[in-house]
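Q:
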Amino acid sequence: MPEPLLSIKNLAVEFKTDDGIVQAVDDISYDVFPGETVGIVGESGSGKSVSTLSILGLIPQPPGRIVSGEAVFKGRDLLKLKKKELQRLRGDEVAMVFQDPMTSLNPVLRVGNQVGEAIKAHYPKESDDKVKERVIELLRLVGVPNPDVRYTQYPHEFSGGMRQRAMIAMAIANSPSLLIADEPTTALDVTIQAQVLEVLKTVQEETDAATILITHDLGIVAELCERVLVMYAGKIVEQGDVHTIFQNPRHPYTIGLMDSLPKLTEDEDWLRPIPGQPPSLINRPSGCAFHPRCFLSQGRLPCHTEVPPLRSTDVGEGHLSACHFAEELVGRRSKFAQPVGAS
Amino acid sequence: MLTFIVRRILYSIPVLIFSTFLSFVFVSLAGNPVALLNGNPRIPKNTIHLIEVQNHLNRSIPVRYVFWVRDLFTHKLGNSLLTFQPIWPDITRTLGHTAQVIIISETLAIVLGIVIGILSAIRQYSVFDYISTSFSFLGFAMPTFWLALLLQILFVDIYLKWNVRIFYTSGLNSPGQGTWSLDRLQHIALPVMTLCIISFAVYSRYMRASMLDVINIDYVRTARAKGLSDWHVIMRHVFRNALIPIVTVAALNIGGLLGGVIITETVFSLDGIGFYFLQKLQNGDLYAVMAYLVVTAVIIIVFNLIADILYGYLDPRIRYD
Chain A
3 MPEPLLSIKN
13 LAVEFKTDDG
23 IVQAVDDISY
33 DVFPGETVGI
43 VGESGSGKSV
53 STLSILGLIP
63 QPPGRIVSGE
73 AVFKGRDLLK
83 LKKKELQRLR
93 GDEVAMVFQD
103 PMTSLNPVLR
113 VGNQVGEAIK
123 AHYPKESDDK
133 VKERVIELLR
143 LVGVPNPDVR
153 YTQYPHEFSG
163 GMRQRAMIAM
173 AIANSPSLLI
183 ADEPTTALDV
193 TIQAQVLEVL
203 KTVQEETDAA
213 TILITHDLGI
223 VAELCERVLV
233 MYAGKIVEQG
243 DVHTIFQNPR
253 HPYTIGLMDS
263 LPKLTEDEDW
273 LRPIPGQPPS
283 LINRPSGCAF
293 HPRCFLSQGR
303 LPCHTEVPPL
313 RSTDVGEGHL
323 SACHFAEELV
333 GRRSKFAQPV
343 GAS
Chain B
593 MLTFIVRRIL
603 YSIPVLIFST
613 FLSFVFVSLA
623 GNPVALLNGN
633 PRIPKNTIHL
643 IEVQNHLNRS
653 IPVRYVFWVR
663 DLFTHKLGNS
673 LLTFQPIWPD
683 ITRTLGHTAQ
693 VIIISETLAI
703 VLGIVIGILS
713 AIRQYSVFDY
723 ISTSFSFLGF
733 AMPTFWLALL
743 LQILFVDIYL
753 KWNVRIFYTS
763 GLNSPGQGTW
773 SLDRLQHIAL
783 PVMTLCIISF
793 AVYSRYMRAS
803 MLDVINIDYV
813 RTARAKGLSD
823 WHVIMRHVFR
833 NALIPIVTVA
843 ALNIGGLLGG
853 VIITETVFSL
863 DGIGFYFLQK
873 LQNGDLYAVM
883 AYLVVTAVII
893 IVFNLIADIL
903 YGYLDPRIRY
913 D
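Chains as they are written, first to last, in this note's numbering: chain A, 3 to 345; chain B, 593 to 913.
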């Protein structure tokens with residue numbers, strides 16, 4: 003096994019609110035290896051974004067607080083870094099693409115300057131002409147037409163897809179070794195989504211950056227990722243390589259997620275959502291947080307008394323599931339058992 | 593941009609006509625300008641009648657309005673109905689004094705308000721924030737006249753016991769002193785302070801709220817994710833966006849103050865336009881009151897225009913072509 007680029011161990015993040023303490027991320031561990039693409043999947047509020055934002059010091063503190071854990075990146079624990087050191091790392095070695103390109107660019111500054119700023123922040127001695135040249139080159143790389151003209155325009159003169167391209171250009175400006183894309187296509191319409199994903203793919207090949215792709219869209223995961231983490235209520239409930247997860251899911255939540263997607267090749271009259279609501283993170287359900295919504299639990303005792311550990315399953319090395327009865331899912335195939343889009 | 597300004601000025605003409613007509617009607621209905629003369633037994637009725645005819649006071653109000661508009665243009669706002677003196681020199685003199693006070697106090701208030709607003713926003717809920725917030729609320733809550741009197745006691749009355757003169761409580765100058773002298777500064781210091789404290793309260797509150805609005809928007813997080821320093825994030829990405837609402841508040845406030853420092857100027861017997869207006873209103877001097885109202889309206893319209901122009905400069909999404 004190669005050395006992981008980023009290794010997160012026992013990370014726990016909580017937010018203080020008026021109603022109580024929200025356990026946004028609850029004791030999660032995972033590794034990201036150089037050059038690979040890891041997908042983090044889960045419903046809104048499952049802690050997907052917080053698990054990555056917090057290690058870069060990008061959650062507001064307070065109310066947020068990192069309770070415990072470590073996040074070792076290239077041999078350094080990010081959670082122990084001084085503010086200045088973390089700042090030097092952000093946008094240089096670790097870069098982020100955010101969800102909503104409409105609000106993620108500053109409306110009063112020119113796009114070119116905003117991209118250039120990412121370079122200037124880390125290489126202040128670079129001449130303005132050089133920076134401009136590089137920015138135009140970056141804009142061209144992410145597929146912004148007429149980059150010379152676009153350089154001087156403001157964000158409101160960009161369409162949503164173009165803005166997200168500019169965001170990606172900004173993120174890869176300093177050739178990061180880790181790129182975190184937080185729902186990069188959620189705010190875009192479907193045709194633009196495909197284009198932006200294509201750009202992400204190109205960029206990845208070009209820079210060879212490891213990528214963490216946070217999304218709730220399983221289609222994107224199938225398309226881009228090599229490994230998947232499924233999160234529920236602040237915990238990782240299943241992880242494994244993308245083929246195994248789609249072929250042989252070993253957690254009822256993962257199966258629920260896949261089944262809830264309508265499949266165009268089948269004649270379906272009804273959508274099959276997961277029943278119930280995502281749990282409150284202030285009063286987590288006892289035992290397995292998913293048990294109130296789980297089709298497999300059927301009221302069995304361990305489900306609501308014991309928190310299931312993340313353990314390896316029958317499927318193979320590196321495939322982990324946090325279900326007491328994961329083995330009962332053997333043979334249970336999701337709708338995606340035939341590789342659809344997983345190619 | 594030029595077309596926008598020209599268009600805005602053209603738009604303001606009907607606004608001016610409408611507002612002056614309304615105020616003309618109300619002020620005319622409020623009292624008879626020659627009532628004071630009527631009460632004086634030494635002035636013969638014929639003279640009064642002559643004055644009435646000369647000034648068209650025997651005509652209907654809309655007709656008088658038209659005559660007044662003619663005077664406005666041909667005689668620079670016309671003559672006073674009571675003293676028969678031209679109004680224009682009075683207006684320019686008093687407006688100059690008011691402008692001096694307002695410009696100094698507003699400059700101080702804007703600079704202080706913005707700086708304190710930024711600092712208390714980035715240190716939200718710190719001791720500093722609580723102190724400045726309390727001070728702002730105090731400024732909001734205090735009535736102008738009371739604050740003015742308080743300052744007079746604090747900076748003048750107490751020290752007079754020991755024959756120490758720091759500031760003056762009234763007037764503009766001691767005899768023989770000019771517009772740009774230390775003596776003038778000693779005279780206007782207290783009115784400036786009064787207005788400054790009140791405006792500062794407004795600006796610092798708005799700036800703080802506006803900064804906090806912006807500080808949690810996604811693009812600020814983007815800026816942080818780029819690895820910019822805190823100072824850079826605040827100055828480049830938060831400050832400029834937070835300034836946009838302040839521009840409106842400040843422009844309207846300055847415009848309003850230039851026409852309306854009535855209470856402050858009265859407390860300090862300052863020969864400004866507000867004090868002038870109050871005196872003329874009490875005397876029922878129709879044309880002088882109208883002159884004040886026109887000047888105020890024009891100033892407010894001009895400052896609104898300035899606010900709009902600054903808006904376009906600060907926010908590229910707003911373009912006036």
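Backbone N, C-alpha and C define an ideal beta-carbon position, used for all residues, glycine too.
Is there at least one Cβ from chain B nearer than 9 Å to A/D102's Cβ?
A: Residue numbering aside, residue 102 of chain A sits at position 100 when the first sequence is read from its first letter. It does: the Cβ of A/D102 has a partner Cβ on chain B nearer than 9 Å.
Q: Quick one: what does DSSP say A/E329 is sitting in, helix, strand or coil?
A: Residue 329 of chain A sits at position 327 when you count from the first residue of the first sequence. In this structure, DSSP gives A/E329 a helical state, which the three-state scheme calls helix.
Q: Is there a Cβ of chain B sitting closer than 9 Å to that of A/L111, yes or no?
A: Along the first sequence, read from residue 1 onward, the residue named residue 111 of chain A stands at position 109. Closer than 9 Å: yes.
Q: Put A/K122 into one of helix, strand or coil per three-state DSSP.
A: Counted from its first residue, the first sequence places residue 122 of chain A at position 120. If DSSP states are grouped into helix, strand and coil, A/K122 belongs with the helices.
Q: Assuming A/E128 contacts A/I121 under a Cβ cut-off of 8 Å, what Cβ separation, rounded to an integer in Å, is found between them?
A: One-based indexing of the first sequence puts residue 128 of chain A at position 126. One-based indexing of the first sequence puts residue 121 of chain A at position 119. Sure, about 6 Å apart at Cβ, within 8 Å.
Q: What would DSSP say about A/I276, mapped onto helix, strand or coil?
A: On the first sequence, position 274 is the one that residue 276 of chain A refers to. Reduced to three states, the DSSP call for A/I276 is coil.
Q: Using a Cβ-Cβ cutoff of less than 7 Å, which residues in the same chain neighbour A/E330 once the five nearest sequence positions on both sides are dropped?
A: Taking the first sequence and counting its residues from 1, the one referred to as residue 330 of chain A is at position 328. Closer than 7 Å at Cβ, skipping near neighbours: L298.
Q: Quick one, which residues of the segment 817-838 of chain B are near chain D if we go by CB-CB under 7 Å, in chain order?
A: Absent from the structure is chain D; the protein chains it does hold are A and B.
Q: Between the Cα of B/Q677 and the Cα atoms of B/R800, B/S726, B/I898 and B/K872, which residue gives the shortest distance?
A: Within the second sequence, residue 677 of chain B is the residue found at index 85, counting from 1. If we check each option's Cα against that of B/Q677, B/K872 comes out closest.
Q: Run through DSSP, which three-state label would A/R67 get?
A: Taking the first residue of the first sequence as position 1, residue 67 of chain A is located at position 65. A/R67 falls in the strand class under three-state DSSP.
Q: Taking A/G163 as the reference, give the member of A/L107, A/P65 and A/L273 with the closest Cα.
A: The residue given as residue 163 of chain A occupies position 161 in the first sequence. When only C-alpha atoms are compared, the closest one is A/L107.
Q: For chain A, is any of its Cβ atoms less than 9 Å away from the one on B/L804?
A: Taking the first residue of the second sequence as 1, we reach residue 804 of chain B at position 212. For B/L804, the answer is no, since every Cβ of chain A falls outside 9 Å of its Cβ.
Q: So which residues of chain B does A/S106 contact, with C-beta pairs closer than 8 Å?
A: Stepping through the first sequence from its first residue, residue 106 of chain A is reached at position 104. Near A/S106 (Cβ distances below 8 Å), the residues of chain B are D810, Y811, R813 and T814.
Q: Does the beta-carbon of B/R909 have 16 or more other beta-carbons within 10 angstroms, so that it is buried, or is it exposed?
A: By one-based count along the second sequence, residue 909 of chain B stands at place 317. The residue in question, B/R909, is exposed, as its Cβ has fewer than 16 Cβ neighbours within 10 Å.
Q: Please return the same chain residues whose Cβ sits closer than 6 Å to the Cβ of B/L687, not counting the five positions on each side in sequence.
A: One-based indexing of the second sequence puts residue 687 of chain B at position 95. Excluding sequence neighbours, B/L687 sits near I865.
Q: Mind checking B/I609: buried by the 16 CB within 10 Å criterion, or exposed?
A: By one-based count along the second sequence, residue 609 of chain B stands at place 17. Exposed, since its Cβ has fewer than 16 Cβ neighbours within 10 Å.
Q: Can you round the beta-carbon distance between A/I10 and A/I30 to whole angstroms, since I take them to be within the 8 Å contact cut?
A: For the purposes of this step, residue 10 of chain A is identified with residue 8 of the first sequence, where counting begins at 1. For the purposes of this step, residue 30 of chain A is identified with residue 28 of the first sequence, where counting begins at 1. Sure, about 7 Å apart at Cβ, within 8 Å.
Q: Under 7 Å Cβ-Cβ, which residues of chain B neighbour A/E119?
A: Taking the first sequence and counting its residues from 1, the one referred to as residue 119 of chain A is at position 117. Within 7 Å Cβ-Cβ: K818 and L820.
Q: Going by CA-CA distance only, name the one from A/H253, A/T193 and A/L55 that's closest to A/A183.
A: Along the first sequence, read from residue 1 onward, the residue named residue 183 of chain A stands at position 181. Cα-wise, what sits closest to A/A183 is A/L55.
Q: I'd like to check one pair, B/S611 with B/A889: are the Cβ atoms closer than 9 Å?
A: As a first step, residue 889 of chain B is located in the second sequence; it is residue number 297 there, counting from the start. As a first step, residue 611 of chain B is located in the second sequence; it is residue number 19 there, counting from the start. Contact flag set, yes.
Q: Just to check my reading of the structure: A/R252 and A/H321 have Cβ atoms closer than 8 Å, yes? What is that Cβ distance to the nearest angstrom?
A: To locate residue 252 of chain A, count along the first sequence from 1; it is residue 250. To locate residue 321 of chain A, count along the first sequence from 1; it is residue 319. The Cβ separation is near 7 Å, so the contact holds.
Q: Going by DSSP, name the residue or residues bridged to A/V27.
A: Position 25 of the first sequence, counted from the start, is the residue given in the question as residue 27 of chain A. Per DSSP, A/V15.
Q: Quick check on A/P149: does DSSP put it in helix, strand or coil?
A: For the purposes of this step, residue 149 of chain A is identified with residue 147 of the first sequence, where counting begins at 1. When DSSP states are grouped into helix, strand and coil, A/P149 belongs to the helix group.
Q: Using the beta-carbon of each residue, which ones in chain A are nearer than 8 Å to B/D907?
A: Taking the first residue of the second sequence as 1, we reach residue 907 of chain B at position 315. Under the 8 Å cutoff, chain A gives P109 and V110.
Q: Nearest by alpha-carbon distance to B/L694: which of B/F729, B/T786 and B/F618 is it?
A: For the purposes of this step, residue 694 of chain B is taken as the residue at position 102 of the second sequence. Rather than Leu, the amino acid found at residue 694 of chain B in this sequence is Ile. For the residues B/F729, B/T786 and B/F618, the minimum Cα distance to B/I694 belongs to B/T786.
Q: Between A/M233 and A/S70, which are expected to be in contact by the criterion C-beta below 8 Å, what is the C-beta distance as a whole number of angstroms?
A: Within the first sequence, residue 233 of chain A is the residue found at index 231, counting from 1. Within the first sequence, residue 70 of chain A is the residue found at index 68, counting from 1. With 8 Å as the limit, A/M233 and A/S70 do not qualify as a contact, their Cβ atoms being about 18 Å apart.
Q: I need the DSSP call for A/T193, collapsed to helix, strand or coil.
A: Residue mapping note: residue 193 of chain A aligns to position 191 of the first sequence, counting from 1. Three-state result, A/T193: helix.
Q: Starting from the C-beta of A/V342, find all residues in its chain whose C-beta is less than 8 Å away, skip the five residues before and the five after it, and write them out in chain order.
A: Here residue 342 of chain A is taken as the residue at index 340 of the first sequence, counted from 1. The pLDDT assigned to A/V342 is 44, lower than 50, so where the model puts this residue is not dependable, and the model offers no usable value.
Q: Helix, strand or coil for B/P633? Go by DSSP, reduced to three states.
A: Locating residue 633 of chain B in the second sequence gives position 41, counting from the first residue. DSSP places B/P633 in coil when its eight states are reduced to three.
Q: What does A/L58 reach in chain B if we use C-beta pairs closer than 9 Å?
A: Here the question's residue 58 of chain A lines up with position 56 in the first sequence. Within 9 Å Cβ-Cβ: R816 and A817.
Q: Less than 9 Å separating the beta-carbons of A/V230 and A/S323?
A: Looking up residue 230 of chain A in the first sequence gives position 228. Looking up residue 323 of chain A in the first sequence gives position 321. No, these two residues do not count as a Cβ contact at 9 Å.
Q: Along the beta strand (DSSP E) that carries A/K237, what are the first and last residues, could you check?
A: Taking the first sequence and counting its residues from 1, the one referred to as residue 237 of chain A is at position 235. Per DSSP, A/K237 belongs to the beta strand (DSSP E) from K237 to D243.
Q: Hey, out of B/V617, B/P767 and B/G709, whose CA is closest to B/D721's CA?
A: Taking the second sequence and counting its residues from 1, one reaches residue 721 of chain B at position 129. Per the Cα distances, B/G709.
Q: A/S373: which of A/T217, A/L303 and A/R90 sits nearest, CA to CA?
A: The structure shown does not extend to residue 373 of chain A, since chain A is modelled only from 3 through 345, so no value can be given for it.
Q: If we ignore side chains and look at the alpha-carbon of each, how far apart do B/A549 and B/V707 end up?
A: Lying outside 593 to 913, the shown extent of chain B, residue 549 of chain B is not represented and no answer is given.
Q: Could you pull the DSSP bridge partners for B/P678 from this structure?
A: Walking along the second sequence from the start, residue 678 of chain B turns up at place 86. The partner list for B/P678 (beta bridge, DSSP) reads B/N671.
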